[in-house]
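Student:
In the numbering used here, the protein residues as written are 3 to 113.
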């Protein structure tokens, strides 16, 4: 039974990594909703809240950055320009937001 529990934890960790990559904007290898369902099936019931919280926090990390620059009713180009200006010394943040926003439909399916 211990070996099975360890495999279940490994499966859960692998699935969580896949979900995190999807939330970061990487193209999903499989259906996002199915991946999340598999994640919750692989996770122990006492971990459901932590798993859900982790998913929402990862999703909101990008959306909060986007809302901060796009809330003035500007188009995507102007929002990205503002994000670039705000992150001149950390353009990897802009790339991360751009990737994630490019996969918004898949990200929304996850949450």
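Glycine included, every Cβ here is placed at the ideal spot set by N, Cα and C.
What span of residues does the alpha helix (DSSP H) with residue 49 cover, start to end?
Tutor: Against the chain shown, residue 49 aligns to sequence position 47. First-last for residue 49: undefined, no H or E at that position.
Student: Quick one: residues in its chain with C-beta nearer than 7 Å to the C-beta of residue 113, no 5 flanking neighbours on either side, listed in chain order?
Tutor: Counted from its first residue, the chain shown places residue 113 at position 111. If we look at residue 113 and ignore the five residues flanking it on each side, its Cβ neighbours are 57, 58, 61.
Student: Count the CB pairs spanning the segment 70-84 and the segment 46-54 that are closer than 8 Å, and state whether there are at least three.
Tutor: As far as the Cβ criterion goes, the segment 70-84 does not touch the segment 46-54, which means the pair count is below three.
Student: Determine the burial state of residue 3: buried for a count of at least 16 other Cβ atoms within 10 Å of its Cβ, exposed for fewer.
Tutor: Numbered from its first residue, the chain shown carries residue 3 at position 1. Legend: pLDDT at residue 3 = 40, less than 50; position of this residue unreliable, no value from coordinates given.
Student: Is it the case that the Cβ atoms of residue 26 and residue 107 are separated by a distance below 8 Å?
Tutor: Translated into positions along the chain shown, residue 26 becomes position 24. Translated into positions along the chain shown, residue 107 becomes position 105. No, Cβ-Cβ distance for residue 26 and residue 107 is not below 8 Å.
Student: Less than 8 Å between the C-beta atoms of residue 17 and residue 41, yes or no?
Tutor: Taking the first residue of the chain shown as position 1, residue 17 is located at position 15. Taking the first residue of the chain shown as position 1, residue 41 is located at position 39. It is a contact, given that the beta carbons lie within the stated cut-off.
Student: Taking only the alpha-carbon atoms, compute the straight-line gap between residue 64 and residue 85 and give it to the nearest angstrom.
Tutor: On the chain shown, position 62 is the one that residue 64 refers to. On the chain shown, position 83 is the one that residue 85 refers to. One C-alpha to the other measures close to 12 Å.
Student: Closer than 8 Å, CB to CB, is residue 43 near chain C or not?
Tutor: Given the protein chain composition of this structure (a single chain), no chain C is represented.
Student: What separation, rounded to the nearest whole angstrom, lies between the Cα atoms of residue 94 and residue 109?
Tutor: In the chain shown, residue 94 corresponds to position 92, counting from 1. In the chain shown, residue 109 corresponds to position 107, counting from 1. If I take the Cα positions, the gap works out to 19 Å.
Student: By DSSP, does residue 29 sit in helix, in strand, or in coil?
Tutor: Counting from 1 along the chain shown, the entry for residue 29 is found at position 27. Coil.
Student: In whole angstroms, what separates the C-alpha of residue 77 from that of residue 35?
Tutor: For the purposes of this step, residue 77 is taken as the residue at position 75 of the chain shown. For the purposes of this step, residue 35 is taken as the residue at position 33 of the chain shown. Going from the Cα of residue 77 to the Cα of residue 35 covers about 29 Å.
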